[in-house]
Each structure stands twice: as C-alpha cells, then as structure tokens.
Amino acid sequence: MKELQHLNKYFLKYKTHLLIGTIITIVARLFLLFTPRYIKQIFIIIEKYLKGGITPEAYKYELTEAIVYIIGAALIGAILTFFMRQAIINVSRYIEFDLKNEIYEQYQKLSLNFYKKNRTGDLMNRITEDVSRVRMYAGPAIMYSINTISLFIIVIIYMVNASPKLTLYTIVPLPILSIIIYKLSKEIHKRSTIVQEYLSKLSTFTQESFSGISVIKAYGIESQTATNFKSLAAESKEKQISLAKVQAWFFPMMILLIGTSNLLVIYIGGMQYINGEIETIGTIAEFIIYVNMLTWPVATVGWVTSIVQQAEASQKRINEFLKIEPEIKNTIEVNTKITGNIVFKNVSFTYDDTNIQALNDVSFSVKEGETLAVLGKTGSGKSTILDLIGRLYDIDKGSIIINETKINEHNLTNLRDSIGYVPQDAFLFSDTIKNNIKFGNQDANDNDVINAAKKAQVHKNIIKFNNGYDTTLGERGITLSGGQKQRVSIARAIIKSPKILLFDDCLSAVDTETEEKILQGLSEISKGKTSIIVSHRVSSAKNADKIIILDNGKIVQEGTHDTLINVDGYYKHLYLKQLSETSSK
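If you're matching positions, the sequence shown starts at -11 in this note's numbering and goes up one per residue.
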C-alpha cells in the first residue's frame, strides 16, 4: 500500500464526497438488515397462528405488515445504494482525471533525454492502462470495502444478539479465508506487475509498427512483423493466463467457505432448536439470510484485494515517472527582455544517452536582426546549437547569453515564446492545416494564416485540396508530401512573429526554385529578427550576415559568403560542388 499513498492528497481533496458516501453506505446497510429480522418475525407469526395464539384477522394483518416493511426497507436500501455508488464512484472518476493531468503535466516538464530513454508505447500505457487500474482502487475497491466493513460489523452485532453460540460457529471459516487471501494477494501482486510490463511492450510494438508502416511495406516484412507481434502477444497471453489462474481461486474458495457456513447454521441451529436453546426456527432462517448477505461482501474481499494489488503495481510504475526531477527547470518567474542578441562562450555539450560530444568549446555571437548560417557535415553539431538556444538541453561547460543574461536566468516560458523553431523532421498534428499553422499563434485569424502560408510558399498547394485550409491531416501529417510538411511547419513559425527564428535544415525537401522563393519571403519577415539557419545547402546560407562551419563539434571556419568562397576549405568545396551539380541539371 506504500505506492498508493500518493493518492492520499486526492482522497483529502474529495473527502466530503467520500464522507457522504460512507454515511449513505452505513444507513443503506441498516435498512437492508430489516429483511432477515422481519423474515424471523414472519416465522414467529406463523408459529403463533399454528398454535392458535392469534386470530386469523390478526395473523393476516401482522403478516402483511411484516411483508410491507421488508419491501419498503428493500426499496429504501436500493435507493440509498444508488446514491452511495454515485458519491464514491464519481470520486474515482475525479481522481482519474486529476491523476492523468498530473502525469501529463510531468511528461511536459521532462527533458528530451527522458523521451530518448523511454518508449512512446510505455508512456501511453502508464497514462491509460495503469491509471485505469488505479481508478478501480479509488472507486469500486473503496466502495466495496466500506460496504463490506459496515455490513460485516452490523450483521455480526445482530447475529450475536440473536445467538452468540450460532454466530461463533458461523464465522469459523472466516480466519481460513483471511489466510488464503493473504497468500493469494502476494502472488497476484507479483504477476500483475509482469502483466503490466508486457502490456507496455505490446503498446510500444504496435505504436512503432503503425508509425513505421510505410517502411514495413516498402521492405516487404509484413509477415515477419506479424510473427514478431504474435510471439509478443503469446507471451503476454501466457502472463495474463498465469494471473487469471491465481485470481480464479478466489470465488470457488468463497463459495465453499460460505456453503460450509450455511451447513453449520442449519446443523448447529437445528440442534439448538431441538434442544430448546433457541425459541423459534425463524432464528435459523434469519441466520441463513445473514450468512448469504455476507456472501457477496466476503467474496468481494478477494476481488478487492486483487484490485488493490494490481493498482499498487500500476501506481508504482506511475510513481517512477512522477518522481523524476526535470533536468530543465524554470526557476525565474519574471519575464526578462529578449530581442535576439545571442552569444555562445566556450560552449561544450555531450549527449547523456550516447555519450557523444556534440559541441566542443564553441564560441560565436549573433546580433539582433542578423542572420547566422550554420553548415557542416552530418553529426557535426549543427542541430545541437538550435536545441541549446531553445534550452531543450542544458550545456555542460561555457555559457549561452541572450540579451546580456545567461540563458538559465531567463524565464523558460518567455524564452520559448520568443522563438520560432522549424525542425528538420517537420511534425504536424492530426488536425486541419489551418490549426496546424495556428499552432504557432492561437489568436491568429484566417488572413494571418493565409499570409503565413503564402510566405512559406505553400498556399497554392493548400487551396488545391478539396477542403483547402480545413483539410484534416493524417497522423504526423502523412497526407502531405515532405516538402509541403516543411513549408507548413515554416508557416507555423512565421505566424508566431517571434524575436528569434531557428531553421533546422527545413528546406531540404523542396526544390531550389521553391527554396529561393521561401528564402526571399523569409528575408522580408526576418527583418529586425535574429535568424539562425542550419543547412547543407550553400544557397540557403549565402545571404546570411555570418556563416560558421562546424566539424566534429568545433568551428573550423567563420565569415561571410564572399570571404569563405575565397578561402580553401569546406565551404568553398561545398559551394563548387553544388554549383557544378546545379549547372549539370
């Protein structure tokens, strides 16, 4: 139960609902206990009538009165039970809502390193399947526990008042039941943890398969993928069956022990009646009803225990992520001024997951309104510079200064709001094209969206779709071509009108003619803004105010286009190569 203590704050939050539900539960149980008492009374009335103790008219009247009381009490108990479920089960839904939001907010805070180390399927499973199991604990498990405890206490009190000796024999099987539950619960907890792990593996496998379906089809490995899935599903099935086998012991054991109690009631009670120790056979009938009233609550002990064990296993998995301290923390509440002056001073950075040093003692500066182009071979550290400016990672050594303030001394939200970022791998959401562009500025109107699309040279493509800007995209924007996705992503950054524009090789999927048009549009909108363009093309870099060349995380060349083409080095060789390729077309 240690892991489930995390939910105590939510129970305190909804304590009023739980208290009301508990009171209603107790009152409902009291009304339901009218039935066995009046069943006993009916037996007494019948015995009195058979012995001639009451007149036929009194017999009918008392019998009818007892039946009316039974029906009335049952109706009131049923109505109260309905409100009990409304009060307590609703709390579990509130807690489910709050817990999902807490997990999602934590996911939002965690750095990119976290997402590199954990799979999407596992993350999804924890916020869906695991939370659902925890909800079962916060709702049904608690409701049935309150119901069982209150009914058990009240029924035992009534039974002791009716016949202490018969009560003792009746509850003899219960300690045996407790021992069985304890043994089975430990095994259920262990097997539930394994089941949840396999559910995460299945979620991860299917998510990756669906996301990479084009690759699977292109390589013709559908059958192999299906075989791998069947193998994983079979292992998961075995673990589920293994858990079900243990859980399957509960109800047969309950029925056996309750049946034993009924036999004891009939035998011991019958002997007591014969020996005159109890006055009426109605007491035996009353006890049988009491025992059967305890049947479901006692049976739910096993079910509730199973729920608690599964919920604890799930909450443990949830807590593992909730306890992770975000690597990137926003410790500054006041918004600091950001206009676009950026300075890198001896910056070094190594990725934790691969231990690869991406930048080594890198220094450069970009003034407000200037454009910096960053070129270099694949893996030279170009994209890392953009990630560090957006503070997606914190540097190992050196300092990044924006407007004379260290980057970690800026309000993180304000810093990222001041940046328009276009990634190399354009990510679009399964929403309309309009909403994907407005993602950069939720307050933008339709004219703003169209203007941004025109500057990104994608407007003409969009209006050719049947629904134009209201076209709903497939997952990750699969409806669009690579070049169209990049241009929509550029429009999303443009509409934000940020102080700093970061372009991570975002023109790689467009032709040179379209690239030139986009660059012309960007030169207009980037006036007064700081722009950093990462590219493999000289055509994207030649008009920049400054160009730096990276190699193995170090700056090996720096200058303007005119300066660098006259110096033997990477830039000149790249320029001549691409010029030759363009001429040959």
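Even glycine gets a Cβ: it sits at the ideal position worked out from N, Cα and C.
* Taking only the alpha-carbon atoms, compute the straight-line gap between Met147 and Thr155 and give it to the nearest angstrom. => 6 Å
* Report yes or no: do three or more beta-carbon pairs, one from the segment 186 to 194 and one from the segment 93 to 101, lie closer than 8 Å? => no
* Give me whichever residues DSSP pairs with Ile134 in a beta bridge. => DSSP output for Ile134 lists no bridge partner at all.
* In the structure shown, what three-state DSSP assignment does Val437 receive? -> helix
* To do: Just the C-alpha distance for Glu397 and Thr460, rounded to the nearest angstrom, thanks.
  => 40 Å
* Asked: Is Glu503 buried or exposed, if buried means 16 or more other CB atoms sit within 10 Å of its CB?
  -> buried
* Asked: Ordered along the chain, which non-local residues of its own chain (more than five positions away) have a Cβ less than 7 Å from that of Asn540?
  -> Excluding sequence neighbours, Asn540 sits near Ser368.
* Does the beta-carbon of Asp458 have 16 or more other beta-carbons within 10 angstroms, so that it is buried, or is it exposed? -> exposed
* To do: For Ile330, name the three-state secondary structure that DSSP assigns.
  => Three-state result, Ile330: strand.
* Out of curiosity, what's the CA-to-CA distance linking Leu0 and Val476? -> 47 Å
* **Assigned exposure category for Met654 - 16 Cβ within 10 Å defines buried** => Given a span of -11 to 573 for the chain in the structure shown, any question on residue 654 remains unanswerable.
* Which partner residues does Tyr409 have in the DSSP bridge list? -> DSSP, once it has assigned bridges, lists Leu490 as partnering Tyr409.
* Any idea what DSSP makes of Gln545, helix, strand or coil? -> strand
* Asked: To the nearest angstrom, how far is it from the Cα of Lys394 to the Cα of Ile388?
  -> About 6 Å.
* Between Gly509 and Leu310, what straight-line distance do the alpha-carbon atoms span, to the nearest angstrom? -> One C-alpha to the other measures close to 44 Å.
* Asked: Leaving out the 5 sequence neighbours to the left and right, which residues in its chain are closer than 6 Å to Gln195 when beta-carbon positions are compared?
  -> Close CB contacts of Gln195 within its chain, under the 6 Å cut and outside five residues either way in sequence, are with Thr108 and Gly109 (chain order).
* Report the option in Lys473, Ile272 and Ala414 whose CA atom is closest to the CA atom of Ile450. => In terms of CA proximity to Ile450, Lys473 leads the group Lys473, Ile272 and Ala414.
* Delimiting residues of the beta strand (DSSP E) encompassing Phe352 -> Gln345 to Val354 is the span of the beta strand (DSSP E), which, as asked, contains Phe352.
* To do: Out of Arg123, Leu6 and Ile344, state which residue places its alpha-carbon closest to the alpha-carbon of Ser302.
  => Arg123
* To do: Can you have a look at Pro152 and say buried or exposed, based on whether 16 or more other CB atoms are within 10 angstroms of its CB?
  => Looking at its Cβ environment, which holds fewer than 16 other Cβ atoms inside 10 Å, Pro152 is exposed.
* Asked: Taking the C-alpha atoms as reference points, what is the distance between Phe140 and Ile276?
  -> 14 Å
* To do: Alpha carbon to alpha carbon, how far is Ile383 from Asn216? Give it in angstroms, no decimals.
  => C-alpha of Asn216 to C-alpha of Ile383: approximately 40 Å in a straight line.
* **Whole-Å CB distance - Lys530 paired with His561, under 8 Å assumed** => Their Cβ separation, rounded to whole angstroms, is 15 Å, which puts Lys530 and His561 out of contact at 8 Å.
* Work out the CA separation of Ser224 and Ile11 for me, nearest whole Å. => 42 Å
* Asked: According to DSSP, is Asp499 helix, strand or coil?
  -> coil
* If you run the structure through DSSP and keep just helix, strand and coil, what is Lys575? -> The structure shown does not extend to residue 575, since the chain is modelled only from -11 to 573, so the question has no answer here.
* On a CA-only basis, which of Asp499, Thr372, Ser180 and Asn439 is nearest Lys576? Give me that one, please. => Any property of residue 576 remains undetermined from this structure, which presents the chain solely from -11 to 573.
* To do: For Gly38, count neighbouring Cβ atoms within 10 angstroms of its own Cβ and tell me buried if that reaches 16, exposed if not.
  => Correcting the residue type first, residue 38 is Leu in the shown sequence and not Gly. Exposed, because fewer than 16 other Cβ atoms sit within 10 Å of the Cβ of Leu38.
* Name the residue from Ile407, Thr518, Val446 and Arg379 whose alpha carbon lies nearest to the alpha carbon of Ala361. => Thr518
* Asked: So, are the CB atoms of Ser120 and Ile14 less than 8 Å apart?
  -> It is not a contact, given that the beta carbons lie outside the stated cut-off.
* Identity of the residue in Ala444, Ile506, Tyr207 and Ile312 nearest Lys105 by Cα -> Ile312
* Cut-off 7 Å between Cβ atoms - residues of its own chain near His447, not counting five sequence neighbours on either side -> Ile438 and Ala441
* Asked: With 16 as the cutoff for other CB atoms within 10 Å, does Leu585 come out buried or exposed?
  -> Absent from the structure is residue 585, since the part of the chain shown begins at -11 and ends at 573.
* Asked: Under three-state DSSP, which class holds Ser336?
  -> strand
* **Test item: CB-CB of Tyr409 and Leu374 under 8 Å** => yes
* Roughly how many whole angstroms lie between the Cα atoms of Leu172 and Gln235? -> 8 Å
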